[in-house]
Amino acid sequence: MKIGVAKEIDAAEPRVGATPDTVKKFKALGAEVAVEPGAGIKSGLLDADYEAAGATISADAVKDADIVVKVKRPEASEVARYKKGALVVAIMDPYGNDVALKVMADAGVAAFAMELMPRITRAQVMDVLSSQANLAGYRAVIEAAEAFGRAFPMMMTAAGTVPAAKVFVMGVGVAGLQAIATAKRLGAVVTATDVRPAVKEQVESLGAKFLAVEDEEFKNAQTAGGYAKEMSKEYQAKQAALTAEHIKKQDVVITTALIPGRPAPRLVSADMVKSMKPGSVLIDLAVERGGNVEGVVSGQTAEVNGVKIVGIPNLAGRVAASASSLYAKNLLSFIETMIDKSAKVLAINWDDELVKATALTKDGAVIHPNFQPKA
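For the sequence shown, the working numbering begins at 187 and goes up steadily by one.
This is how it looks when you write it as structure tokens:
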């Protein structure tokens with residue numbers, strides 16, 4: 187059983203799918219581990235660190251691997267190097283990428299999408315969305331503080347008082363909660379909003395104030411899986427009016443709203459942006475899915491009347507060492523369920539709920555029910 191650790195070919199992706207720590211644990215499970223040269227360098231991990239953990243460094247690390255671990259879905263040029271039947275485990279971004287799924291199916295690899303991991307107790311340690319969003323929420327506040335031309339905490343000095351920054355977090359999932367906590371630590375006055383009533387208590391427990399139109403629709407606005415439901419046009423209009431008035435007074439707005447498989451909902455209109463004070467900052471964590479803020483541009487900071495709209499993709503990658511450490515543990519925990527520990531061989535149970543939820547391709551076909559080729 188051989189595990190190959192791929193170096194990401196996307197120059198903008200600094201994370202890596204395994205660390206020396208997880209290499210040691212794979213070795214204990216009976217696996218040989220090979221790492222492509224320089225795979226971990228952008229996460230502060232040297233080839234020598236992997237070798238010290240028992241891995242070999244090889245340009246052909248993935249060529250004959252039984253399992254390939256990656257961060258992002260492999261490109262066609264990468265898939266061509268994998269052996270038929272290899273397991274490829276990564277963040278696959280499958281929605282709307284039918285051609286890429288067909289490439290993996292045609293190559294005969296078994297592709298697993300880590301972001302489709304079910305949100306059940308057993309799979310918490312494998313939840314890449316949570317581990318990466320947590321860091322993205324933290325980094326969003328750091329980026330906001332850098333872009334904001336004033337201090338976050340209130341400062342009382344002989345020369346006068348610096349008021350605390352007002353931070354508004356829109357969308358209170360894992361990223362939003364971490365953004366609230368980080369902004370509070372930096373001394374900001376924090377408010378937050380979400381369409382799910384269950385998060386109100388979480389927001390208040392972190393010392394922030396909750397803002398929402400709390401009507402009957404709001405009370406039933408959460409799916410069984412814990413995601414936000416898409417709200418009616420009527421509710422969206424009421425919430426937008428409340429939000430528009432609130433945004434005018436804010437120094438920093440951080441948006442985190444994403445519904446899996448859909449374009450990001452538009453939360454902040456151009457008029458709302460124009461209503462903000464010059465020097466204010468918006469950080470859009472949903473920029474890779476079109477963005478929550480009108481006018482956001484991926485990879486750029488747009489400026490409207492002195493208001494900055496920051497569109498940094500892959501914010502978790504801005505804290506690559508921490509992100510890789512958590513992501514690698516997510517992968518290890520999942521792959522461990524597919525190994526027979528006594529025989530030290532791959533033993534995939536295709537009826538396991540974790541496997542069924544994440545397997546995209548197998549035996550030359552796309553097998554996930556959500557991504558079947560359209561007739």
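Don't be surprised by glycine CBs; every beta carbon is placed ideally from N, CA and C. The structure presented is a predicted model; accordingly, all values stated were derived computationally and were not measured.
(1) Could you tell me which residues DSSP puts in a beta bridge with M342?
(2) What residue range does the alpha helix (DSSP H) around F298 cover?
(3) I495 and L468 - do their beta-carbons sit closer together than 8 Å?
(4) Taking A361 as the reference, which of A345, A378, E390 and N320 has the closest Cα?
(5) Would you check if the distance between the CB atom of A245 and the CB atom of V209 is smaller than 8 Å?
(6) Using a Cβ-Cβ cutoff of less than 7 Å, which residues in the same chain neighbour M417 once the five nearest sequence positions on both sides are dropped?
(7) If you check the beta carbons only, do K249 and E222 fall under 8 Å apart?
(8) Applying the criterion that 16 or more other CB atoms from any shown protein chain within 10 Å of the CB defines a buried residue, is L428 buried or exposed?
(9) Assuming M300 and V265 are in contact, meaning their beta carbons sit under 8 Å apart, how far apart are those beta carbons, in whole angstroms?
(10) Report yes or no: do the region 532-548 and the region 356-374 share at least 3 C-beta pairs separated by less than 8 Å?
(11) Measuring alpha carbon to alpha carbon, tell me which of S391, G393, G282 and V385 ends up nearest E400.
(12) Considering only the beta carbon of each residue, do V439 and F334 sit closer than 8 Å?
(13) Reducing DSSP to helix, strand and coil, say where K548 ends up.
(14) For M462, does the three-state DSSP call read helix, strand or coil?
(15) So what does D470 bridge to, in DSSP terms?
(16) Buried or exposed for S391, going by 16 or more other Cβ atoms inside 10 Å?
(17) Span of the beta strand (DSSP E) holding M303?
(18) Can you list, in chain order, the residues of its chain whose CB lies under 7 Å from that of L444, leaving out five sequence neighbours each side?
(19) Reducing DSSP to helix, strand and coil, say where D252 ends up.
(20) Which of the three DSSP states, helix, strand or coil, is assigned to E420?
(21) Assuming the contact rule is C-beta atoms closer than 8 Å, A272 and A239 should be a hit. Round their C-beta distance to whole Å, please.
(22) Run through DSSP, which three-state label would K530 get?
(23) Of the choices K188, G226, Y281 and V314, whose alpha-carbon is the least far from that of L512?
(24) Touching or not, the region 336-350 and the region 303-310, by the rule of three or more beta carbon pairs under 8 Å?
(25) Give the C-beta separation of P464 and G481 to the nearest angstrom, bearing in mind that I take them to be a contact with Cβ-Cβ under 8 Å.
(26) Please work out which residues of its chain come closer than 6 Å, Cβ to Cβ, to S316, disregarding the five sequence neighbours upstream and downstream, and give them in chain order.
(27) Can you give the Cα-Cα distance for V285 and D196, rounded to whole angstroms?
(28) What are the start and end residues of the alpha helix (DSSP H) that includes Q388?
(29) Kindly indicate which three-state DSSP category E539 falls into: helix, strand or coil?
(30) Using DSSP bridges, identify the partner residues of T429.
(31) Quick check: what's the CA-CA separation for D279 versus K258?
(32) When DSSP labels each residue in this structure, what does I195 get in the three-state scheme?
(33) Is it right to say S263 is buried, meaning 16 or more other beta carbons lie within 10 angstroms of its own, or is it exposed?
Concretely, from the data shown:
(1) Here the question's residue 342 lines up with position 156 in the sequence shown. DSSP lists T347 as partners of M342.
(2) Locating residue 298 in the sequence shown gives position 112, counting from the first residue. Element bounds for F298: not the alpha helix (DSSP H) but the beta strand (DSSP E), A296 to A299.
(3) Against the sequence shown, residue 468 aligns to sequence position 282. Against the sequence shown, residue 495 aligns to sequence position 309. The answer is yes: Cβ separation under 8 Å.
(4) Sequence index remark: in the sequence shown, residue 361 carries index 175 (1-based). The option with the nearest alpha carbon to A361 is N320.
(5) The residue labelled residue 245 in the question sits at position 59 within the sequence shown. The residue labelled residue 209 in the question sits at position 23 within the sequence shown. Result no, Cβ atoms of A245 and V209 do not sit closer than 8 Å.
(6) Counting from 1 along the sequence shown, the entry for residue 417 is found at position 231. So the list reads V381, E403 and A407, once near-sequence residues are dropped.
(7) Here residue 249 refers to the residue found at position 63 of the sequence shown. Here residue 222 refers to the residue found at position 36 of the sequence shown. No, the Cβ-Cβ distance between K249 and E222 is not below 8 Å.
(8) Against the sequence shown, residue 428 aligns to sequence position 242. Result: exposed.
(9) Within the sequence shown, numbered from 1, the residue matching residue 300 stands at position 114. Within the sequence shown, numbered from 1, the residue matching residue 265 stands at position 79. M300 to V265, Cβ: 17 Å. No contact.
(10) no
(11) Start at 1 with the first residue of the sequence shown, and residue 400 comes out as number 214. Checking every option, the nearest Cα to that of E400 belongs to V385.
(12) If you number the sequence shown from 1, residue 439 lands on position 253. If you number the sequence shown from 1, residue 334 lands on position 148. No, the Cβ-Cβ distance between V439 and F334 is not below 8 Å.
(13) The sequence position of residue 548 within the sequence shown is 362, counting from 1. Strand.
(14) Position 276 of the sequence shown, counted from the start, is the residue given in the question as residue 462. The answer is coil: DSSP assigns M462 none of H, G, I, E or B.
(15) The residue given as residue 470 occupies position 284 in the sequence shown. Paired residues: T441.
(16) Walking along the sequence shown from the start, residue 391 turns up at place 205. Under this definition S391 is an exposed residue.
(17) As a working mapping, residue 303 is identified with position 117 in the sequence shown. Neither: M303 is in no beta strand (DSSP E) and is coded neither H nor E.
(18) Sequence index remark: in the sequence shown, residue 444 carries index 258 (1-based). So the list reads A450, A472 and R475, once near-sequence residues are dropped.
(19) Taking the sequence shown and counting its residues from 1, the one referred to as residue 252 is at position 66. Coil.
(20) Residue 420 sits at position 234 when you count from the first residue of the sequence shown. In the structure shown, E420 sits in a helix (DSSP, three-state: H, G or I).
(21) By one-based count along the sequence shown, residue 272 stands at place 86. By one-based count along the sequence shown, residue 239 stands at place 53. Actually they are not in contact, since the Cβ atoms of A272 and A239 sit about 22 Å apart, beyond 8 Å.
(22) As a first step, residue 530 must be located in the sequence shown, where it is residue number 344. If DSSP states are grouped into helix, strand and coil, K530 belongs with coil.
(23) Here residue 512 refers to the residue found at position 326 when the sequence shown is read from its first residue. Nearest C-alpha to L512: V314.
(24) no
(25) Taking the first residue of the sequence shown as position 1, residue 464 is located at position 278. Taking the first residue of the sequence shown as position 1, residue 481 is located at position 295. 15 Å between Cβ atoms; not a contact.
(26) Indexing the sequence shown from 1 puts residue 316 at position 130. Cβ within range, chain order: V360.
(27) Indexing the sequence shown from 1 puts residue 285 at position 99. Indexing the sequence shown from 1 puts residue 196 at position 10. Computed Cα separation, rounded: 19 Å.
(28) Position 202 of the sequence shown, counted from the first residue, corresponds to residue 388. Looking at the DSSP string, the run of the alpha helix (DSSP H) that includes Q388 is V385 to S391.
(29) The residue you call residue 539 lines up with position 353 of the sequence shown. Helix.
(30) To locate residue 429, count along the sequence shown from 1; it is residue 243. DSSP lists no partner for T429.
(31) Here residue 279 corresponds to residue number 93 of the sequence shown, with the count starting at 1. Here residue 258 corresponds to residue number 72 of the sequence shown, with the count starting at 1. Computed Cα separation, rounded: 8 Å.
(32) By 1-based counting over the sequence shown, the position of residue 195 is 9. Coil at I195, not helix or strand.
(33) Your numbering for residue 263 matches position 77 in the sequence shown. With fewer than 16 Cβ atoms within 10 Å of its Cβ, S263 is classed as exposed.
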